[in-house]
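Student: Dropping the structure in here first, questions after.
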Amino acid sequence: MTSTDPIEHPDLVDALVQLADALDRRPGDGPRLSHLAMAVLADQIAQLVHDLARSLVVLARSEDGASWTDVGVAFGVTRQAALRRWRIEPSRTASSTDSE
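What follows is the structure, given as structure tokens:
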């Protein structure tokens, strides 16, 4: 994969390694992350995994020609549920955010 590859997520790999190291530490191995710190790290990993899955769905649709029905079948949900879950929302324009 190149650095411009949309499915390359070095932050995910780093977070997974950090959590795995923390979980593998035994008493006496030195400082260990607190359970709360590991929970925060796990939450960050969950978001990064979701971002990766979204990138892969986008690639499946744009490069592989997958339809929203195909995506829904793959995830065991309806076409509409897949669209709601994985569709990338268009960015709001500056003018629409100025009024909020």
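Each residue of the sequence shown is one higher than the one before, starting from 49 at the first, in the numbering used here. Yeah, the Cβ is synthetic: ideal placement off N, Cα and C, and Gly gets one too.
Considering only C-alpha positions, which residue in the set R73, G124 and L64 is nearest to Q95?
Tutor: Nearest C-alpha to Q95: L64.
Student: How many angstroms separate the CA atom of L81 from the CA atom of S115?
Tutor: Straight-line Cα distance between these residues: approximately 43 angstroms.
Student: Write down the C-beta distance between L89 and L60 rounded to the nearest angstrom, noting that I regard them as a contact closer than 8 angstroms.
Tutor: No, L89 and L60 are not in contact; Cβ-Cβ is about 11 angstroms, not under 8 angstroms.
Student: In whole angstroms, what separates the C-alpha of Q92 from that of G113?
Tutor: Between Q92 and G113, the C-alpha separation is close to 30 angstroms.
Student: Return the residue from the list L71, I136 and G120 that minimises the CA-CA distance to L84.
Tutor: The candidate whose alpha carbon is nearest that of L84 is L71.
Student: Under the three-state reduction of DSSP, which class applies to V165: helix, strand or coil?
Tutor: Since the first and last residues shown for the chain are 49 and 148, residue 165 lies out of range.
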